[in-house]
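Chemist: Can you keep this structure in mind? I'll have questions shortly.
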Amino acid sequence: MEPEEAETNDEWPSAEGLRPSEWRSSAVPAKDLMEEAEEQEGDTEVETLSHDRRPPREQSVYTLSGHEYFEVPEELANTAVDPNSMKELIDQVVEDVERTTAVQQPMPSGQVSSGTINLGCDEGPSAEKPRYLDGKMAKYIELAIARYYVELVRSRTQAKVTAYVEVAERVASLTLECATVNATLQERKKQLWQSELECVKLWRSLAVKRNLYTKAELEYVGLWVDISNARKVHGC
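Shown next, in the form of structure tokens:
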């Protein structure tokens, strides 16, 4: 009875896990066919596991922005849409996208977070905006500090220049006054020297006149003695 049950047509219907190219003829016993089918199922499971371990070939799916793209596994591209397994497929896509974005550079728009995909370009809250704003604020703070420092240096330099100009003008004024005073002092010294010379001349002339007065006084005394002697002689 087993050989009769094993006899089939030229093509055997494909069982689960069997490829159509591996269909056998009707001369094979049913027991051998079952064993072969189990072996092929085991090979198919091993091949599926090895295929899952290998990085799947991925197709590019562009976002609405047209800049960033995600890689979709080939199984998802070649698999028919099944409403019952849609949640599992979406979870698998999310995991693949998270792995892809973990390797790539961080996107500025931050569209992948907490297991959801946001393909829109709206300005909703994201994890990258605080860091972006912090960076901008840090840049603005640095620019403000640099601008304040430049203004401070400029004001100090202007104050130093103004003070230097004032000091230079004051020094020039004092130098001119000092030169004027020195010229006046030299003129007064010259006048004083001339006065001293005149005084010396006067002292010399006074000494000469004193000598002449002394001689005249001596002559007067001599004459008075002669007159006295003449009177005594004549008995006056």
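When you line the sequence shown up against UniProt numbering, it's residues 1 to 236, in that order.
Note that the Cβ used here is the ideal one computed from N, Cα and C, for glycine as well.
Could you tell me the distance, in whole angstroms, from the CA atom of LYS201 to the CA atom of ALA207?
Modeler: 10 Å
Chemist: Expressed to the nearest angstrom, what Euclidean distance is found between the alpha-carbon atoms of LEU185 and SER155?
Modeler: The C-alpha of LEU185 lies about 44 Å from the C-alpha of SER155.
Chemist: Report the rounded CA-to-CA distance for GLU198 versus ALA179, giving the unit in angstroms.
Modeler: 29 Å
Chemist: Reducing DSSP to helix, strand and coil, say where HIS234 ends up.
Modeler: helix
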